[in-house]
Amino acid sequence: MSKNVRADSLSLLLFTLRSGKLMAINLLKVSEIIPCPPLTRLPESHPHVKGVATLRGNPLSVIDLSRAIGERPLVDPDGGCLIVTDVSRSKQGLHVQAVSKIVHCLTTDIRPPPFGSGHKSFITGVTQVDGTLVQVLDIEKVIHGIAPPRVVAEPAELRPEDAEVLAKARILVVDDSQVALQQSVITLRNLGVECHTARSAREAIDQLLELQGTAQQINVVVSDIEMSEMDGYALTRTLRETPDFQELYVLLHTSLDSAMNAEKANAAGANAVLTKFSSPELTRCLIEAARTVEAQGI
């Protein structure tokens, strides 16, 4: 397998907080940008939630992004603007100082976070724009810190035939978000399935090569799409072009709307695509994957 990194295009929305440093978010996760509207503070709400706005008749929770990631509060708490995001089946507003511009780059331009940034870091990668360092926000981690999805760490109730077929699956989960990776691992453990994990496509390729020909040889890959250096589409295409891995079952697991990504996922050669995060739906997809690889004798 070639370890040359495949590149896809990526659009980033750049914004600033009080410090003035540039941060970015995947433009596909942004639905609109609006001036900060009047907010209604709800009693006993999370301290990082500034309040609730009304957007075209619908309530919208507004996150104080500065507080959520440990930055100083904005100079004008009622100023700035909202980046309205559509991530992991929900909409929320991110209160920021200002939006800068949209830039277009390649996934290979996004590098992993610097060594020593720590597990508390709220970034998934860094890049350079006009010679300035830009940090790519881990929006899933921000949301998880405020409203963690319900992932119960208890054995799931499965039909015996489903448990039997899942036991034969040898799964590799690939995600550059530690929070998202943990959610998937917990779901798998609840199903009685141990798995291998990787934090990047490069690491995934290394593990596939290392396990090839062993009793733990992978037959199902569950991969995030939005990753630095090589995204899930490029990883899938690389697998499909490699004889030893052409038949692997690939499930692309994304925080974006899966319907929007279905055509591109299919073109890359993925077997299925699923929006994060729903344990029951991930379980259903994993059972389908396990049945498929069993039928193919992989």
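For the sequence shown, full-length UniProt numbering begins at 1 and goes up steadily by one. Using N, Cα and C, we set each Cβ at its ideal position, and we do this for glycine too.
Considering residue i, what are the terminal residues of the beta strand (DSSP E) in which it resides?
i	result
N190	From DSSP, N190 is part of no beta strand (DSSP E) but of the alpha helix (DSSP H) over 178 to 190.
S31	30 to 35
G51	49 to 55
K101	98 to 106
Q135	132 to 137
A272	272 to 275
S88	From DSSP, S88 is part of no beta strand (DSSP E); its letter is neither H nor E.
D198	Residue identity differs from the one stated: residue 198 is Ala in this sequence, not Asp. First-last of the beta strand (DSSP E) with A198: 195 to 198.
S223	220 to 224
I123	123 to 129
T214	It is not in any beta strand (DSSP E) - T214 carries neither H nor E in the DSSP assignment.
L251	249 to 254
I171	171 to 174
Let me know the secondary structure DSSP gives residue i once reduced to three states.
i	result
L27	helix
G145	helix
L13	strand
S19	coil
S66	helix
P243	helix
Since residue i and residue j are thought to touch, with beta carbons under 8 Å apart, how far apart are those beta carbons, to the nearest angstrom?
i	j	result
E229	R111	7 Å
I25	L13	5 Å
V126	P113	6 Å
L282	T187	5 Å
L60	A53	5 Å
E71	S19	6 Å
S23	L106	First, the residue type needs correcting, since residue 23 is Met and not Ser in the sequence shown. So it is not a contact: roughly 19 Å between Cβ atoms.
L181	T197	6 Å
residue 300	D244	Shown here, the chain extends from 1 to 298; a query on residue 300 therefore has no answer.
K141	V179	5 Å
H253	S184	7 Å
S278	K29	Actually they do not touch by this definition, with Cβ atoms about 18 Å apart.
V99	F15	5 Å
Looking at the secondary structure, which residues open and close the alpha helix (DSSP H) in which residue i lies?
i	result
I287	279 to 296
G232	232 to 240
R207	Rather than Arg, the amino acid found at residue 207 in this sequence is Gln. Q207 -> alpha helix (DSSP H) spans 201 to 211.
D162	160 to 166
*Is the region 120 to 131 touching the region 87 to 96 in the sense that three or more CB pairs, one from each, lie closer than 8 Å?*
no
*So, do the region 279 to 289 and the region 245 to 257 have three or more beta carbon pairs nearer to each other than 8 Å?*
yes
*Do three or more CB pairs link the region 71 to 84 to the region 34 to 42 at distances below 8 Å?*
yes
*Taking 8 Å as the threshold, find out whether the region 212 to 223 comes into contact with the region 160 to 177 through three or more Cβ pairs.*
yes
*Between the region 232 to 241 and the region 266 to 282, are three or more C-beta pairs nearer than 8 Å?*
yes
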